[in-house]
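Chemist:
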């Protein structure tokens, strides 16, 4: 299996004195990491290990694996990025392209990607790449480095009659964050996305770290969600467009996306995450063209750095989907696998929150995780027992065992398997594939409430069937096929549903 994963690996080598970015934990956030730097390579220890200088860290020098560093590229500020040339292709790797994107100060990097779009289309055939590039060129106005202003929907803010102005002081920030905030404000001012304000209302803004090492400017509207004026150390401003952080902003944006995607076939959306799916290349191009046309009408800019085109499988809402399969994102599973043993109730809640998001992939999740969920109760003293340790290890093992679910096909019958225990009930929805093999579509489970634990065995098994039918009602209701239900409790076969 390792040989299969290593087919596309590329040897990388650095020399002493090279500038690199290092993937290191965020200070005071040991469970989160991002690229820091640039740092200087001091010494090559082996083919895969280097010593880098980290003067801003507790250790001034650090031994690091080559997979955790990448080259830092200094951008030439005089380079003309507006010239597009699709005749020539350069031998630039994906890693090198990522380095360029990290090093840039521009708000978006669309012009960099358009200068060499082949990097994002390497998985396609030459003819398909040519067709895809031509399609992108038809809607070049969507791929600028500054966002456009959408005239399609307006976000109205209405105050209640008794509302009194709330004016907060700006948050204190470090000098380098203040400089980053000043640049962000200037960028938004230059592109007409905000303006100077003398409002009686003011909310402080702050910079939040993004995964790529840059910052996202947010306004803290916890005290007031009535007006969009915000205060910075350099003055009071107001957004000319709908800001990030308003309580009703997601609803307004989702309403806009619904209008943009209305009537489109094979397009699904959740806020700013859109996915286009089809069975043939020709249909896919037509669907993409229709979506890009609607986006052009709405003047919604596309961020090419966060876009993927024409893949068999893509990441969507924390899942890898495509070709009839659904599976967890490997990076999320690896993060779960690397979590240490919880030392307090809060850590247990954090672990259950991360694993619970993928509970549909784990058979009898409620049963397996019961010792951990019992620890969450504030009425019980936190004591980490061997039973808790076994539950912790088993949940992690079930998630790291590469679980894969099949997408439901409503032109085929469903099969239901149910079971009950003294702790909870569980079920799995299955379907036969073309090769006549049963594949899971979704797992479901729940713990028994205190009064339900007093049920007799037949009542628990019957409740498992009722729970499963209600849980999977969206799949089973209206099906024209006979539904087979499998149970290990013989008396249930005498029920007539």
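Numbering (the UniProt record's numbering), first residue to last: 1 to 497. All C-beta atoms in this analysis are idealised placements derived from N, C-alpha and C, irrespective of residue type, glycine included.
(1) Can you tell me the Cα-Cα spacing of residue 47 and residue 13, whole angstroms?
(2) Hey, quick one: how far does the beta strand (DSSP E) through residue 49 stretch, first residue to last?
(3) Would you call the segment 262 to 276 in contact with the segment 124 to 134, where contact means no fewer than 3 C-beta pairs closer than 8 Å?
(4) Pair every Cβ in the segment 437 to 450 with every Cβ in the segment 363 to 372, then say whether three or more of these pairs are closer than 8 Å.
(5) I'd like to confirm the pairing. Which residues does DSSP put opposite residue 65 in its beta bridges?
(6) Name the one or two DSSP bridge partners that residue 250 has.
(7) Per DSSP, which residues does residue 417 bridge with? Please list them.
(8) Check residue 466 in the structure and name its three-state DSSP category.
(9) Look at the alpha carbon of residue 102 and the alpha carbon of residue 19, and state the distance between them as a whole number of angstroms.
(10) Do you know whose CA, among 360, 424 and 348, lies nearest residue 373's CA?
(11) I need the DSSP call for residue 377, collapsed to helix, strand or coil.
(12) Pop quiz: residue 21 and residue 33 are said to be a contact at Cβ under 8 Å. What is the actual Cβ separation, rounded to whole angstroms?
(13) Please classify residue 80: does DSSP put it in a helix, a strand, or coil?
(14) Let me confirm a value: residue 359 is counted as buried when at least 16 other C-beta atoms fall within 10 Å, else exposed. Which label applies?
(15) Which residue from 132, 179 and 164 puts its Cα closest to that of residue 200?
(16) For residue 166, count neighbouring Cβ atoms within 10 angstroms of its own Cβ and tell me buried if that reaches 16, exposed if not.
(17) Using the Cβ count rule (16 or more neighbours within 10 Å means buried), how would you classify residue 427?
(18) Secondary structure at residue 94, three-state DSSP: helix, strand or coil?
(19) Once the 5 residues before and after residue 333 are set aside, which same chain residues still bring their CB inside 8 Å of it?
(20) Quick check: what's the CA-CA separation for residue 375 versus residue 296?
(21) Nearest to residue 303 by alpha carbon, out of 494, 120, 488 and 59?
(22) Does the segment 106 to 116 come within contact of the segment 53 to 60, defined as at least 3 CB pairs closer than 8 Å?
(23) Whose C-beta lies closer than 8 Å to the C-beta of residue 385 among residues of the same chain, with five residues either side of it excluded?
(24) Going by DSSP, what residues sit across from residue 34 in a beta bridge?
(25) Name, in chain order, the residues that DSSP records as bridge partners for residue 270.
(26) Run the CB neighbour count on residue 41, radius 10 Å, all protein chains shown included, and call it buried at 16 or more, exposed below.
(27) Considering only DSSP beta bridges, list what residue 439 is partnered with.
(28) Please identify the residue among 336, 437, 466 and 301 whose C-alpha is closest to the C-alpha of residue 146.
(29) Report the partner residues of residue 39 according to the DSSP bridge assignment.
(30) Can you name the start and end residues of the beta strand (DSSP E) that residue 348 belongs to?
(31) Looking at C-alpha atoms only, which residue of 397, 263, 437 and 404 is the closest neighbour of residue 413?
(32) With respect to the beta strand (DSSP E) encompassing residue 314, which residues constitute its N-terminal and C-terminal limits?
(33) Please work out which residues of its chain come closer than 6 Å, Cβ to Cβ, to residue 472, disregarding the five sequence neighbours upstream and downstream, and give them in chain order.
(34) Look at residue 313 and residue 299 and say whether their C-beta atoms are less than 8 Å apart.
(35) Measure the beta-carbon distance from residue 135 to residue 143 and round it to whole angstroms, keeping in mind my assumption that it falls under 8 Å.
(36) Would you decide whether residue 319 is buried or exposed? Buried here means 16 or more other CB atoms lie within 10 Å of its CB.
Modeler: Well, looking at it:
(1) 8 Å
(2) 49 to 53
(3) no
(4) yes
(5) 49
(6) Residue 250 pairs with nothing; no bridge assigned.
(7) 428 and 486
(8) helix
(9) Because residue 102 carries a pLDDT of 34, less than 50, the predicted location of this residue cannot be relied on, and the following value inherits that uncertainty. Answer to the nearest angstrom: the Cα atoms are 13 Å apart.
(10) 348
(11) coil
(12) No, residue 21 and residue 33 are not in contact; Cβ-Cβ is about 12 Å, not under 8 Å.
(13) The predicted position of residue 80 is uncertain, since its pLDDT is 37 and thus under 50; no value can be drawn from it.
(14) buried
(15) 164
(16) exposed
(17) buried
(18) With a pLDDT of 33 at residue 94, under the threshold of 50, the predicted position of this residue should be treated as unreliable, though the coordinate-derived value follows. If DSSP states are grouped into helix, strand and coil, residue 94 belongs with the helices.
(19) 358, 399 and 400
(20) 52 Å
(21) 120
(22) no
(23) 371
(24) 24
(25) 273
(26) buried
(27) 431
(28) 301
(29) 20
(30) Taken as a continuous stretch (DSSP letters only), residue 348 belongs to no beta strand (DSSP E), being part of the alpha helix (DSSP H) at 345 to 356.
(31) 437
(32) 314 to 316
(33) 429
(34) no
(35) Incorrect: roughly 12 Å between the Cβ atoms, too far for contact.
(36) buried
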